[in-house]
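Written out below as structure tokens is the structure these notes cover.
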Amino acid sequence: MAYFAEHIWPKQANQAHRRTRPRVMGGTWEAVWPANVWAGTSVESQRYVPRLACLLRVPAAVRFISAEPLLEDIKLRDYLYKCSGCGEKPCTCKGLAIQWVIAGCESGPRARTMDINWVRSLRDQCEQSGAAFFFKQAIINGKKVSTPVLDGYRWAEFPHAL
Ligand SMILES: [Zn+2]
45 MAYFAEHIWP
55 KQANQAHRRT
65 RPRVMGGTWE
75 AVWPANVWAG
85 TSVESQRYVP
95 RLACLLRVPA
105 AVRFISAEPL
115 LEDIKLRDYL
125 YKCSGCGEKP
135 CTCKGLAIQW
145 VIAGCESGPR
155 ARTMDINWVR
165 SLRDQCEQSG
175 AAFFFKQAII
185 NGKKVSTPVL
195 DGYRWAEFPH
205 AL
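In short: position in the sequence shown from 1, add 44, done, that's my numbering.
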């Protein structure tokens, strides 16, 4: 259960990146999660994707992923989906499990390079699942740019849940 305390953090719907982590009390934590508090975890590279199994267990109205800094191409695979009770085996409903993905580069003088195709890949996965995608920042011509244009569009989407 310490895993949750370490990696899953709550976010108030109207507050950007409030990284106050919940205190975890044994197995009761999932049961007491307030529905209006968004739950998120950071996934900077593929090795953190298994965290999403834990995130999917949180009964939050909105689950989100922060891929910041984005360090490699990430395949979110089936974690984007969660059965909403179709009863089919295998599931055919493809309910949305992750409603929001945020991606952005590292900043600062020693920032690691982000390949725009890694962003594109996440964007495509969101397009396919129906998750909102927020491309927060990139280094373009040596300058940090907020919500940069990618393929002719500013990807500053928010989940329309709640
Ligand atoms: Zn289903």
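Every residue, glycine too, gets a C-beta built ideally from N, C-alpha and C. Predicted, not measured: the structure shown is a model, and the values here were computed from it.
Nearest-angstrom Cα separation, counted from residue j out to residue i
{"i": "residue 82", "j": "residue 195", "result": "29 Å"}
{"i": "residue 188", "j": "residue 172", "result": "28 Å"}
{"i": "residue 95", "j": "residue 164", "result": "22 Å"}
{"i": "residue 184", "j": "residue 159", "result": "11 Å"}
{"i": "residue 128", "j": "residue 137", "result": "7 Å"}
{"i": "residue 176", "j": "residue 91", "result": "22 Å"}
{"i": "residue 174", "j": "residue 143", "result": "8 Å"}
{"i": "residue 80", "j": "residue 121", "result": "26 Å"}
{"i": "residue 157", "j": "residue 150", "result": "8 Å"}
{"i": "residue 101", "j": "residue 77", "result": "10 Å"}
{"i": "residue 169", "j": "residue 153", "result": "30 Å"}
{"i": "residue 133", "j": "residue 118", "result": "27 Å"}
{"i": "residue 182", "j": "residue 93", "result": "22 Å"}
{"i": "residue 131", "j": "residue 186", "result": "51 Å"}
Per-residue DSSP class, three states only, for residue i
{"i": "residue 151", "result": "coil"}
{"i": "residue 96", "result": "helix"}
{"i": "residue 146", "result": "strand"}
{"i": "residue 106", "result": "coil"}
{"i": "residue 81", "result": "strand"}
{"i": "residue 198", "result": "strand"}
{"i": "residue 163", "result": "helix"}
{"i": "residue 190", "result": "strand"}
{"i": "residue 140", "result": "strand"}
{"i": "residue 86", "result": "strand"}
Distance CB(residue i)-CB(residue j) smaller than 7 Å
{"i": "residue 155", "j": "residue 111", "result": "no"}
{"i": "residue 166", "j": "residue 145", "result": "yes"}
{"i": "residue 107", "j": "residue 114", "result": "no"}
{"i": "residue 125", "j": "residue 105", "result": "no"}
Same chain, Cβ closer than 8 Å to residue i, neighbours up to 5 away in sequence not counted
{"i": "residue 200", "result": "178, 179 and 191"}
Other residues of its chain near residue i: CB distance less than 6 Å, five sequence neighbours each side excluded
{"i": "residue 123", "result": "96"}
{"i": "residue 197", "result": "none"}
{"i": "residue 135", "result": "127"}
{"i": "residue 86", "result": "110"}
{"i": "residue 202", "result": "176"}
Spatial neighbours of residue i in its chain, beta-carbon cut-off 7 Å, leaving aside the 5 residues before and after
{"i": "residue 116", "result": "89, 90 and 162"}
{"i": "residue 204", "result": "none"}
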